[in-house]
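Written out below as structure tokens is the structure these notes cover.
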Amino acid sequence: MPATDRPRGREAVLRALKQHGGMTAQRLASTLGVTPVAVRKQLEALQAEGLVQIAAVKQPRGRPVLVYQLTPAAAARFPQGYRQLALDLIEQIVAQEGEAKLRQLFQARHQRLLREHLDPIAPEERGRRLEELVRLRNEDGYMVTVEERPDGYLIREHHCPIYEVAARFPLACCCEAEFFSAAVNQPVTREASLVEGSESCAFHVPKELPAS
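Each step along the sequence shown adds one to the number in this note's numbering, with nothing skipped, and position 176 is 187.
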């Protein structure tokens, strides 16, 4: 690799630990061609970020040595193929079995979330159910905010982690609205969509159940 293409600083440390496994600061410094002082500075910063951890490894003789290792969180700093793999699999499912099968898969996931997180909350406790729904969506990376309005609430999703899927298969958004309705035990309607060019996805939740 040309010198100009070599990773520097923390990225170089991460790559070295990924390629060679756990190493002492001295060996890591030798591998990177820098001083132990310089490499320890980078290791301390990576520890603070939760990307590197220290393990005391026993030796046949003498004191244990401190070995620096990557944490599971460090995997996110390296190239991932999940996005393209997921898109390819979805395309293949739809090609072989149609969009109805994809709808079934979305619904099955939503039913699992309902069983695990929403069913323990009484249907009439709509406020708590809404709070739990927001928590679940934020865990999935949707960056949710809730605005109270005279006629109910507006759920805004400022980010869509499955944007490429939703853009290719609009039924993903339809299934999302159905999931929201079941989650809050209210008829939820979609008012805006990132895929359609809005600044956020927006869903309206009425305060009162409609008259039967």
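Even for Gly, the Cβ is constructed at its ideal location relative to N, Cα and C.
Can you look up residue i in the DSSP assignment and give me helix, strand or coil?
i, result
"residue 76", "strand"
"residue 104", "helix"
"residue 216", "strand"
"residue 81", "strand"
"residue 118", "helix"
"residue 222", "Legend: pLDDT at residue 222 = 47, less than 50; position of this residue unreliable, value from coordinates given subsequently. It is coil, neither helix nor strand."
"residue 68", "strand"
"residue 190", "helix"
"residue 169", "coil"
"residue 153", "coil"
"residue 175", "helix"
"residue 209", "coil"
"residue 95", "helix"
"residue 56", "helix"
"residue 45", "coil"
"residue 13", "Only weak support is given to the placement of residue 13: the predicted model assigns it a pLDDT of 42, under 50, and the value that follows is read from those uncertain coordinates. Residue state, collapsed to three classes: coil."
"residue 23", "helix"
"residue 133", "coil"
"residue 138", "helix"
Since residue i sits in a beta bridge, which residues does DSSP pair it with?
i, result
"residue 159", "164"
"residue 50", "Its beta-bridge partners do not exist; DSSP assigns none."
"residue 201", "214"
"residue 63", "81"
"residue 34", "79"
"residue 145", "None; residue 145 has no bridge partner."
Which residues in the same chain as residue i place their Cβ atom closer than 7 Å to its Cβ, once the five residues preceding and following it in sequence are excluded?
i, result
"residue 152", "170, 172"
"residue 104", "112, 113"
"residue 197", "137, 216, 217, 220"
"residue 6", "Because the chain spans 12 through 223 in this model, residue 6 falls outside it and cannot be assessed."
"residue 124", "147"
Using a Cβ-Cβ cut-off of 8 Å (strictly less than) and excluding sequence neighbours within five positions of residue i, which residues of its own chain qualify?
i, result
"residue 176", "97, 98, 101, 183"
"residue 75", "67, 68, 69"
"residue 27", "34, 39, 42, 43"
"residue 209", "203"
"residue 54", "24, 36, 39, 63, 79"
"residue 181", "206"
"residue 29", "81, 85, 89"
Is there at least one Cβ from chain B nearer than 8 Å to residue i's Cβ?
i, result
"residue 191", "Absent from the structure: chain B. Only one protein chain is present."
In chain order, what residues of the same chain lie with their CB nearer than 6 Å to the CB of residue i, ignoring the 5 residues before and after it?
i, result
"residue 167", "156, 211, 213"
"residue 190", "121"
"residue 158", "165"
"residue 36", "47, 50, 51"
"residue 199", "188, 191, 192, 214, 216"
"residue 141", "195"
"residue 94", "none"
For residue i and residue j, which I take to be in contact (beta-carbon distance under 8 Å), what is that distance rounded to the nearest angstrom?
i, j, result
"residue 205", "residue 164", "That pair is no contact at about 19 Å."
"residue 195", "residue 144", "6 Å"
"residue 63", "residue 46", "The Cβ separation is near 18 Å, so there is no contact."
"residue 201", "residue 188", "5 Å"
"residue 57", "residue 65", "Actually they do not touch by this definition, with Cβ atoms about 11 Å apart."
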